[in-house]
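What follows is one structure encoded as structure tokens, with my remarks underneath.
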Amino acid sequence: MSNSPFVTPAKTTRGLGASKTGTSHHIRQRVSALALIVLVPWFLFSIMSAALGGYADALAWVGSPLNATLLVLTAGAAFYHMRLGMQAVIEDYIGKTGTRAALLILNTFFAAGLFVAVVMSVIRVWAG
Amino acid sequence: MSGTPKADSRPLSPHLQVWRFHATMLASITHRITGVGLYFGTLLITAWLVALASGPDAYAVVEMVAFSIPGQLILFLWAVAILYHFANGIRHLVWDGPGLGFSPKVASQISIFNYAFAIVGAVALMAAAVLS
């Protein structure tokens, strides 16, 4: 930093603070939570009966259009919600810029990858 | 960090251990811990679906793991985590929306209720699964 009397120490911190996206993060977290309030109870009750009945029952469960739709909706809301949540955890605890950026990128890849795996599996069971 | 002169010493926030224990602080960190647990728990749900799409052989492997003792224990903990995060998440929405439940007494009572809901609910789910 310059030792010029016209440059105050505040210069070194400007632009390094919050990225001004906190409000949209907060709202997205809560909107996905509202969706999950409806989807999670459905998911818990119906996956229990589907998983307990063996392979044929599970295939029939995912094969129904209503279940397949709700399943993809649940996965979408859940993976979106948990990506936002893990982002907050990483930002709270990881101070080092490089490590933080790497983990934030991994977080996105993890959520996106699992979502696509769920969707492809549902499509395969539904269509096959 | 960047060679700036050290700021004047200012009062610091008290450290965690000087606070008397209260239920809401445990509820708060449990919300985060169960959230992180559920994050990795989605691997199990995804594995179940991918196995289902892959065929009976892969599905048999997942079933064998899920019905083993360690598998049942993980499913029980997963049920506790999702029920806790669900109940405490609704509390967060009530805090943010209508703005209710902030008084210390009510906040502590809801915290304890959420713990009870998660544990009793998970036991009920596992019992229902075993009996069906």
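Chains as they are written, first to last, in the numbering used here: chain Z, 3 to 130; chain S, 206 to 337. Positions of the beta carbon are idealized from the N, C-alpha and C atoms, including for glycine.
Worksheet item: Near T110 (chain Z), which residues of its chain fall below 7 Å by C-beta distance, leaving aside the five closest residues on each side in sequence?
Response: If we look at T110 (chain Z) and ignore the five residues flanking it on each side, its Cβ neighbours are R85.
Worksheet item: In terms of residue numbering, what span does the alpha helix (DSSP H) encompassing S48 (chain Z) cover?
Response: Run containing S48 (chain Z): 24 to 54, per the alpha helix (DSSP H) assignment.
Practice prompt. Specify, as a first and last residue, the run of the alpha helix (DSSP H) that T247 (chain S) falls within.
Written response: Taken as a continuous stretch (DSSP letters only), the alpha helix (DSSP H) holding T247 (chain S) covers 228 to 259.
Worksheet item: What do you reckon, are the CB atoms on Y57 (chain Z) and L257 (chain S) nearer than 9 Å?
Response: Contact: yes.
Worksheet item: Does the stretch 231 to 242 of chain S touch the stretch 106 to 122 of chain Z, meaning 3 or more C-beta pairs lie closer than 8 Å?
Response: The answer is no - the stretch 231 to 242 of chain S does not touch the stretch 106 to 122 of chain Z, with fewer than three Cβ pairs under 8 Å.
Worksheet item: Can you list, in chain order, the stretches of the alpha helix (DSSP H) that have 4 or more residues and sit fully within the stretch 62 to 102 of chain Z?
Response: The qualifying runs are 67 to 95.
Item to complete: Answer with yes or no whether the minimum CB distance from L72 (chain Z) to chain S is below 9 Å.
Response: No, L72 (chain Z) lies away from the interface with chain S (no Cβ there is under 9 Å from its Cβ).
Practice prompt. Could you tell me whether any Cβ in chain Z is nearer than 9 Å to the Cβ of P303 (chain S)?
Written response: Taking Cβ atoms only, chain Z never reaches closer than 9 Å to P303 (chain S), which makes this a no.
Worksheet item: Residues of chain Z with a CB under 7 Å from the CB of R237 (chain S): which are they?
Response: Simply V91.
Worksheet item: Taking one C-beta from the stretch 285 to 304 of chain S and one from the stretch 34 to 46 of chain Z each time, how about it: are there three or more such pairs within less than 8 Å?
Response: Because the criterion of three Cβ pairs below 8 Å is met, the stretch 285 to 304 of chain S and the stretch 34 to 46 of chain Z touch.
Discussion item. For G87 (chain Z), tell me which candidate among Z:A62, Z:L75, Z:V121, Z:R30 has the shortest Cα-Cα distance.
Written reply: Cα-wise, what sits closest to G87 (chain Z) is Z:R30.
Worksheet entry | is_contact[L108 (chain Z), chain S] using C-beta, thresh 9 Å | Cβ-Cβ to chain S under 9 Å: no for L108 (chain Z).
Fill in: Simplified DSSP assignment, three categories, for S316 (chain S)
DSSP places S316 (chain S) in helix when its eight states are reduced to three.
Item to complete: Can you give me the Cβ contacts of M331 (chain S) inside the same chain, cut-off strictly under 8 Å, excluding the 5 residues immediately before and after it?
Response: Excluding sequence neighbours, M331 (chain S) sits near Q277, L280, F281, A284.
Discussion item. Quick test of your reading: V64 (chain Z) and L73 (chain Z), contact by CB under 8 Å. State the CB separation rounded to the nearest angstrom.
Written reply: Contact between V64 (chain Z) and L73 (chain Z) is confirmed by a C-beta separation of about 7 Å, below the 8 Å threshold.
Worksheet item: Which residues, taken in chain order from the stretch 289 to 319 of chain S, show a beta carbon closer than 7 Å to some beta carbon of chain Z?
Response: For the stretch 289 to 319 of chain S, the set of positions with a beta-carbon nearer than 7 Å to some beta-carbon of chain Z reads F291, G294, I295, L298, D301 in chain order.
Fill in: A60 (chain Z) and A53 (chain Z) closer than 9 Å at C-beta
In this structure, the beta-carbon distance from A60 (chain Z) to A53 (chain Z) falls below 9 Å.
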